[in-house]
Amino acid sequence: MNGEVVIPLIIFLVIIFLIGFYASTHLKSTSNFLQEYFLGSRQLGGFILAMTMIATYGSASSFIGGPGVAYTLGLGWVLLSMTQLATGYFVLSVLGKKFAIMARKIRAVTLIDFLKERYESKGVVILSALSIIIFLFSAMAAQWVGGARLIESLTGLPYTGALFIFAVSVLVYVIIGGFRAVAITDTVQGIVMLGGTLVILIGTIVAGGGVETIVATLATENPDLISPFGADRSLTPLYVSSFWILVGVGVVGLPQVAVRAMSYKSSKGMHRALIIGTVVVGVIMLGMHLTGVFARAVLPGIEVGDTVMPRIALEVLPSWLAGIVLAAPMAAIMSTVDSLLLLVSSAIVKDVYLNYVKPDASDQTIKRFSVGITAVLGVLVFAMAVNPPELLIWLNLFSFGGLEAAFIWPVVMGLYWKRGNASGAMASILVGVGSYIGFNTFMPNAFGMHTVVLPVLLSLISYVGVSLMTVKKHAAVQTAVEWKLWKV
Amino acid sequence: MKQHEGSPKDDPRYRVANREALIGVGLVLINFILWYGFAYGFGSKPVEEYSYIWGLPAWFFYSCLLGTGVVIVLVILAVVFLFKEVPFDEEEDQ
Chain A
1 MNGEVVIPLI IFLVIIFLIG FYASTHLKST SNFLQEYFLG SRQLGGFILA MTMIATYGSA
61 SSFIGGPGVA YTLGLGWVLL SMTQLATGYF VLSVLGKKFA IMARKIRAVT LIDFLKERYE
121 SKGVVILSAL SIIIFLFSAM AAQWVGGARL IESLTGLPYT GALFIFAVSV LVYVIIGGFR
181 AVAITDTVQG IVMLGGTLVI LIGTIVAGGG VETIVATLAT ENPDLISPFG ADRSLTPLYV
241 SSFWILVGVG VVGLPQVAVR AMSYKSSKGM HRALIIGTVV VGVIMLGMHL TGVFARAVLP
301 GIEVGDTVMP RIALEVLPSW LAGIVLAAPM AAIMSTVDSL LLLVSSAIVK DVYLNYVKPD
361 ASDQTIKRFS VGITAVLGVL VFAMAVNPPE LLIWLNLFSF GGLEAAFIWP VVMGLYWKRG
421 NASGAMASIL VGVGSYIGFN TFMPNAFGMH TVVLPVLLSL ISYVGVSLMT VKKHAAVQTA
481 VEWKLWKV
Chain B
1 MKQHEGSPKD DPRYRVANRE ALIGVGLVLI NFILWYGFAY GFGSKPVEEY SYIWGLPAWF
61 FYSCLLGTGV VIVLVILAVV FLFKEVPFDE EEDQ
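Read top to bottom, the protein sequences are chains A and B.
Okay, so the first sequence: first residue is 1 according to the working numbering, each after it adds one.
Okay, so the second sequence: first residue is 1 according to the working numbering, each after it adds one.
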C-alpha cells in the first residue's frame, strides 16, 4: 500500500505512545499502586468513562466483521446492529451507582474483588477468575490476529512483522501506564472511531450518488436488501430480537465492561457518560453498518466480507483520509485488547496471587509482579497469535456469550437481591458456561434465537433456585454480607 | 461518618440507585418497542409497496434513525430530570 495511507497510522501510534508515558507519571507518584494500575484510582470523568466503555466494547467486529455482513445481508443487519444502542445507557444505569457505592465500601479493584466480598466464597472467586483468564485470553488472542491482519493488509508487511508492531504498540502503553493509559488511549481511539465513521459514511453516500440512488440500486439488485429480513430472508424477527440479549442488555455481564462501572469519580461523571455513550454508540453502530450496506452499491461483487471496509475506504476517499479512517478499526481493536490484557493481569495478580498465594506481598513486589505478569501475558498472546492453535479458536467462540452467561446474574442479582448466595452464584456460573458450550455445540440457535438466550435464562433459574434451596447453609455469612454491603 | 450503633437500615443512596436501575430497564423496553414496532410494522409488506423518507425505506427511517433519536432524547431527559447526584466517598456521608 502507499505511504499516504500509512503515515496517519504511524502518527496515531505515536500519539498512543505519548499517552502511555503521560499516564506512567501518575503511576510513579501514586500511593496505592493496585488502585492506580488496575483502576486509575477511580478518577475517570464522564467523557473518558463513556469513551472507554464504548471503545472497549466496540471491537474488530463493529468495524470490519459487522459492516462486511451488512454488505451481504443489507439493511436487516443494520437493524440488528442497532440493538447495541442499549449498551450506551443500560450498563451504566443498571450497574451504575449501586456498583460504584458497593465497590467503594469494600475497596474493590476488580470485578472478582466484588464477587469475593459479596459471596465470601473461594469457589466463586476461583471459578470466576478461571472464566476470565481462559475466555478473555482467547478473545484477546483473536483480536490480536485481527489487528495484525489489518496492518498486514494496509502496509503489505508480512503477518508476523505486522503482529510484532501491533503487539509492541499495545504492550508498551499498557505496561507503563496501566488503567489510566488504557482509558485515555481508549478516548483517543473512540474519537478516531467516531470521526472515521462519519467520514466513511459521508464519503460512501457521495460516491454512490446520494441515498436515494443507492437504495434504488440495491432494490434493483435484490429487493430484500432493503427489507428488514436480510438478502436471503434469513433474519427472522425472533432471531434479530434475540440480539437484545447478546449485545444489548447482556453486556452488563462482560467483566471488561463491568469493571468500568466502578472506575468513575462522581455521579456527575456517570450521568454525563450515560448521555455521551448513548449518542456515540448510536452514531458508530448506525454509521459503520450503513456504510457496509451502501458500499454494495458503490463496489458490488466483493466476496470476502472482511475486506469491504478497507476497500471502500480506499475507493471513495483520498488516500491520506483513508489512512485516518482505517485507523478507526485499528483503534477499535487496540482499545479492546488493552482492556482485556489489563483485566486478565488483574485476575492473576489481584484475584489469584494476592488472595491465595501471597497475601502479604510488599508494595514493591506487587508492582514488579503486576508489570511482569502483563508483559508475560503479552508475550504469550503474541506466541499464540503467530499460529493460533485450534483450542484457542474454539474457546474464542464462547468468550462473549459464555462470559455473559457466567457473570450477568452473579453481578446483577448480587447487587440487587440480598438473598442471592455463594451456592447460587456458583451454580449460575457453571450452568451458564456449561449450557452455552453445550447449546453452541449441539443445538446452535435453538428455537430460532441466538444461542446466548437459553443459557442466560438457565443461569438465572439456577441462581435463584439454588440460592433459595441453600438459605440455611449460608444464613450466617449472608447476614454478615448484608451488614457489610447494605447497612449504614 | 458511618454509624454502626442504633437500628441498622439500608444505605439511603441505594434507593436512588435502585430507582435508576429501573429507569434503565424502562428505557430498554421503550427502545425495544420503538425499534421492533417501526421495523416490522412498516417493513413486513412487500418491498414494492414501501414508502421512502430521505431516500431510505420508511421502516428503516423510523426504526433506526427516528427511533434512535427518540431514545437519545429520552436518555437525556431521564438523566437531567430523574437521575439524582449522590456522594460516593465515605467521608461525605451524612
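Ideal Cβ positions, reconstructed from N, Cα and C, are used throughout, including at glycine.
Please read all numbers here as calculations on a predicted model, not as lab measurements.
Taking one C-beta from the stretch 49-66 of chain A and one from the stretch 185-198 of chain A each time, how about it: are there three or more such pairs within less than 8 angstroms? Verdict: yes, contact present.
Straight-line Cα distance separating A:Val211 from A:Ser229: Here residue 229 of chain A turns out to be Phe, not Ser, going by the sequence shown. Approximately 20 angstroms between the Cα atoms of the pair.
When you compare the stretch 304-320 of chain A with the stretch 193-201 of chain A, are there three or more beta-carbon pairs, one atom per stretch, that lie closer than 8 angstroms? yes
Leaving out the 5 sequence neighbours to the left and right, which residues in its chain are closer than 7 angstroms to B:Phe61 when beta-carbon positions are compared? Taken in chain order, the residues that qualify are Ile53 and Trp54.
Listed from N- to C-terminal order along the chain, which residues in the stretch 68-92 of chain A have their beta-carbon within a distance smaller than 7 angstroms of any beta-carbon of chain B? Leu75, Val78, Leu79, Met82, Leu85, Ala86, Tyr89 and Phe90
For B:Pro57, list the residues DSSP reports as bridge partners. B:Tyr52
Name the residues in the stretch 252-282 of chain A whose C-beta lies less than 7 angstroms from a C-beta of chain B; which are they? Ser266, Ser267, Lys268, His271, Leu274, Ile275, Thr278, Val279 and Gly282
Report the three-state DSSP secondary structure of A:Asp113 (helix, strand or coil). helix
Counting only Cβ-Cβ distances shorter than 8 angstroms, please list the residues of the stretch 16-39 of chain B near chain A, keeping chain order. Val16, Ala17, Asn18, Glu20, Ala21, Ile23, Gly24, Val25, Leu27, Val28, Asn31, Phe32, Trp35, Tyr36 and Ala39
In the stretch 354-392 of chain A, which residue ranges form an unbroken alpha helix (DSSP H) of at least 4 residues, counting only runs that do not cross its ends? You should have 363-386.
If you run the structure through DSSP and keep just helix, strand and coil, what is B:His4? For B:His4, the predicted structure reports a pLDDT of 49, less than 50, and the residue's modelled location is therefore unreliable. A value from the coordinates is still provided. In this structure, B:His4 counts as coil in the three-state DSSP scheme.
Is the stretch 415-427 of chain A touching the stretch 256-265 of chain A, taking contact as three or more C-beta pairs under 8 angstroms? no
CA-to-CA distance, B:Gly69 to A:Met285, given in whole angstroms: 13 angstroms
Would a check of beta-carbon distances place B:Glu92 closer than 7 angstroms to chain A? Annotation note: pLDDT 42 at B:Glu92 (below 50); position unreliable, coordinate value reported separately. No, B:Glu92 lies away from the interface with chain A (no Cβ there is under 7 angstroms from its Cβ).
Quick one: grab the DSSP three-state call for A:Lys487. Three-state result, A:Lys487: strand.
Look up A:Asp351 in the DSSP assignment and give the residues it is bridged to. Paired residues: none, contrary to the question.
Indicate whether the contact test is met: 3 or more Cβ pairs, each with one atom in the stretch 215-234 of chain A and one in the stretch 69-79 of chain A, closer than 8 angstroms. They touch, by the three-pair rule.
Is A:Leu317 helix, strand or coil by DSSP? coil
What does the alpha-carbon distance come out to for the pair B:Val75 and B:Arg13? Taking the straight line joining both Cα atoms gives about 21 angstroms.
Under 7 angstroms Cβ-Cβ, which residues of chain B neighbour A:Glu212? Gly55
Name the chain A residues whose beta carbon is nearer than 9 angstroms to that of B:Ser63? Leu79, Met82 and Pro228
Are A:Tyr22 and B:Leu27 close, meaning C-beta to C-beta below 7 angstroms? Between A:Tyr22 and B:Leu27, the C-beta gap is not smaller than 7 angstroms, which leaves the two residues out of contact.
Can you tell me where the alpha helix (DSSP H) with A:Glu212 in it begins and where it stops? Val211 to Glu221
Environment of A:Glu390 [buried if 16+ CB atoms lie within 10 Å]: It counts as exposed.
Using the beta-carbon of each residue, which ones in chain B are nearer than 7 angstroms to A:Asp232? Under the 7 angstroms cutoff, chain B gives no residues; its nearest Cβ is about 14 angstroms from A:Asp232.
Specify, as a first and last residue, the run of the alpha helix (DSSP H) that A:His271 falls within. Taken as a continuous stretch (DSSP letters only), the alpha helix (DSSP H) holding A:His271 covers Ser267 to Val298.
Quick check: A:Leu157 and A:Gly282, are their CB atoms within less than 7 angstroms of each other? no
What would DSSP say about A:Leu95, mapped onto helix, strand or coil? coil
CA-to-CA distance, A:Val172 to B:Gln94, given in whole angstroms: With a pLDDT of 35 at B:Gln94, under the threshold of 50, the modelled position of this residue cannot be trusted; read the value that follows with caution. Using only the alpha carbons, I get a separation of about 44 angstroms.
Quick one: using the 10 Å Cβ neighbour count with 16 as the cut-off for buried, is A:Ala162 buried or exposed? buried
Going by alpha carbons, who is nearest to A:Ser131 out of A:Leu468, A:Gly401 and A:Val453? A:Gly401
Applying the criterion that 16 or more other CB atoms from any shown protein chain within 10 Å of the CB defines a buried residue, is B:Ile33 buried or exposed? exposed
Chain-ordered chain A contacts of B:Phe81 [CB-CB under 8 angstroms]: Going along chain A, no residue has its Cβ under 8 angstroms from B:Phe81, so there is no contact; the nearest lies around 11 angstroms.
Could you check whether the Cβ of A:Arg419 sits closer than 7 angstroms to any Cβ belonging to chain B? no
Would you call B:Glu91 buried or exposed, if buried means 16 or more other Cβ atoms sit within 10 Å of its Cβ? Note that B:Glu91 scores a pLDDT of 46, beneath 50, so its modelled location is shaky and nothing firm can be said.
Buried or exposed: B:Met1, going by 16 or more other Cβ atoms within 10 Å of its Cβ? Confidence is the limiting factor: at B:Met1 the pLDDT is only 41, short of 50, which leaves the residue's position unreliable and the question unanswerable from this model.
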